[in-house]
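In terms of this note's numbering, the sequence shown opens at residue 5 and continues consecutively.
From the three backbone atoms N, C-alpha and C, an ideal C-beta is built for every residue, glycine too.
One structure below.
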Amino acid sequence: MQTATRPGTLHVVATPIGNLGDLSPRALDTLRAVAAICAEDTRHTRQLLAHYGVERPLVALHEHNEEQLAERLVARLLGGESLALVSDAGTPLVSDPGFRLVRAARAAGVAVSPVPGACAFVAALSVAGLPSDRLAFEGFLPAKAGARRERLAPLASETRTLAFYESAHRIEETLSDMGTVFGGDRRVVVARELTKLFETVLDGALDDVRARIAADPNQRKGEFVVLVQGAADDADARIAEGKRLYAKLGEHLPPSTAAKLAADLSGAPRKALYGS
5 MQTATRPGTL HVVATPIGNL GDLSPRALDT LRAVAAICAE DTRHTRQLLA
55 HYGVERPLVA LHEHNEEQLA ERLVARLLGG ESLALVSDAG TPLVSDPGFR
105 LVRAARAAGV AVSPVPGACA FVAALSVAGL PSDRLAFEGF LPAKAGARRE
155 RLAPLASETR TLAFYESAHR IEETLSDMGT VFGGDRRVVV ARELTKLFET
205 VLDGALDDVR ARIAADPNQR KGEFVVLVQG AADDADARIA EGKRLYAKLG
255 EHLPPSTAAK LAADLSGAPR KALYGS
């Protein structure tokens, strides 16, 4: 009687976000043991593996092919092979591809096991000095200014600490838009190149931090985590935010329409906004 093949395991493995010393011994053992490693950018992952002397087959898995490859990879897992899933840096699936493969593996009854490690926004939060009991992770904002402001607008009254990722060529524009939407005095922490040689963490009012970054070309290089303190959770703060929005919207819209939108976005009573 033939014994049924036991499925392998899909290991979701966190890799360093900069400092190579942050790869855990367990992660290294896992990468050495699997049949293949699914990587967002095989060139980047190959360099990481070479540093540790790991030689494993690599499978390119990214947002453009994940849907097509998932079934084939699940078949390998069901056939008894164990696979690892990594992203270019940090914890997979945090603003990175991979959830389709994980979902397909779980649906097929394959064990999916995390091998935890570095995560950029968690690392930034640990040194930010901002409230960390409640957090809203927003990932990357849209590249175009109009869409970016539209995404930010409903977050103006969010009381949780907000976490974003941003690229070097958009950091100034993003901070400017945040100042417009949230108010220039809202506290922000901008963490750059975490765990790398030129790591910096700037904090202060949005307008002040934006000006510091604008004045220093070195502060516009690398990869960024932006953490914004949440709005004050009280009626006065909501009304103040509503009045600010009403004044801005009133430059382009009839008063009644501006008041309705400002009230919807801020949570302030509409009648409190008139006459502001």
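Leaving out five residues on either side along the sequence, give the residues of the same chain with a beta carbon under 6 Å from the beta carbon of residue i.
| i | result |
| --- | --- |
| T204 | R196 |
| H173 | none |
| V230 | F168, E170 and V194 |
| E67 | P101 |
| T13 | S86, A115 and S117 |
| G271 | S161 and R242 |
| E75 | none |
| H48 | D92 |
| A43 | T49, L62 and V90 |
| P200 | This sequence places Lys at residue 200; Pro is not what is there. Answer for K200: G22, listed in chain order. |
Where does residue i land, buried or exposed, given buried means 16+ other C-beta within 10 angstroms?
| i | result |
| --- | --- |
| A151 | exposed |
| F144 | exposed |
| P96 | buried |
| A147 | exposed |
| A219 | exposed |
| L269 | buried |
| K247 | buried |
| A251 | exposed |
| F103 | exposed |
| F186 | buried |
| P135 | exposed |
| H15 | buried |
| T178 | buried |
| A128 | buried |
| F202 | exposed |
Please report how far the alpha carbon of residue i lies from the alpha carbon of residue j, in whole angstroms.
| i | j | result |
| --- | --- | --- |
| A37 | E170 | 34 Å |
| V192 | I217 | 13 Å |
| I243 | R107 | 43 Å |
| G208 | Y56 | 39 Å |
| L206 | Q223 | 9 Å |
| M5 | L82 | Residue confidence for M5 is low, a pLDDT of 48 falling below 50, so the modelled location carries little weight; the figure read from the coordinates is stated next. Taking the straight line from one Cα to the other gives about 19 Å. |
| S280 | A132 | Low local confidence applies: a pLDDT of 48 at S280 is under 50, so the model's placement there is unreliable, with the coordinate-based value given in what follows. Each residue's alpha carbon lies about 35 Å from the other. |
| R190 | R164 | 13 Å |
| L249 | H256 | 12 Å |
| A140 | V126 | 12 Å |
| A157 | A266 | 10 Å |
| L253 | K275 | 16 Å |
| Q72 | P273 | 49 Å |
| E149 | I175 | Sequence inspection shows Ala at residue 149; the Glu mentioned does not correspond to that position. Straight-line Cα distance between these residues: approximately 12 Å. |
| G58 | E227 | The sequence given here places Val at residue 58; Gly does not occur at that position. Distance between the alpha carbons of V58 and E227 is about 27 Å. |
| A124 | L198 | 7 Å |
| S28 | G121 | 7 Å |
| K225 | G94 | 19 Å |
| E245 | D137 | 23 Å |
| L277 | Q233 | 24 Å |
| P221 | P259 | 42 Å |
| L210 | S130 | 20 Å |
Kindly list the residues whose CB is nearer than 8 Å to the CB of residue i, restricted to its own chain and excluding five residues on each side of it in sequence; keep chain order.
| i | result |
| --- | --- |
| A40 | R60, P61, L62, V63, R80, E85, L87 and A88 |
| R30 | V119 |
| E70 | P101, G102, R104 and L105 |
| R153 | D181, T184 and V185 |
| R10 | G84 |
| E288 | With the chain represented from 5 up to 280, any question about residue 288 goes unanswered, as that position is not in the structure. |
| D26 | P20, G121, A122 and T199 |
Give me whichever residues DSSP pairs with residue i in a beta bridge.
| i | result |
| --- | --- |
| G208 | V192 |
| L166 | A140 and V232 |
| I41 | L62 and A88 |
| V16 | L89 and P118 |
| S171 | E227 |
By Cβ distance, which residues of its chain are closer than 7 Å to residue i, with the 5 residues on each side in sequence left out?
| i | result |
| --- | --- |
| S180 | R214 |
| V78 | A108, A109, A112 and V114 |
| T46 | L62 and A64 |
| L52 | T19 |
| T34 | H15, V17, A88 and V119 |
| D212 | none |
| L24 | H55 |
| A262 | Y250, L253 and G254 |
May I ask whether a heavy atom of the ligand MG can be found less than 7 Å away from the beta carbon of residue i?
| i | result |
| --- | --- |
| Y56 | For the ligand MG, the structure offers nothing, since it holds no ligand at all. |
message: Quick check on the DSSP output: what are the complete alpha helix (DSSP H) runs of length 4 or more inside the segment 94-132, in order along the chain?
response: 103-111 and 124-132
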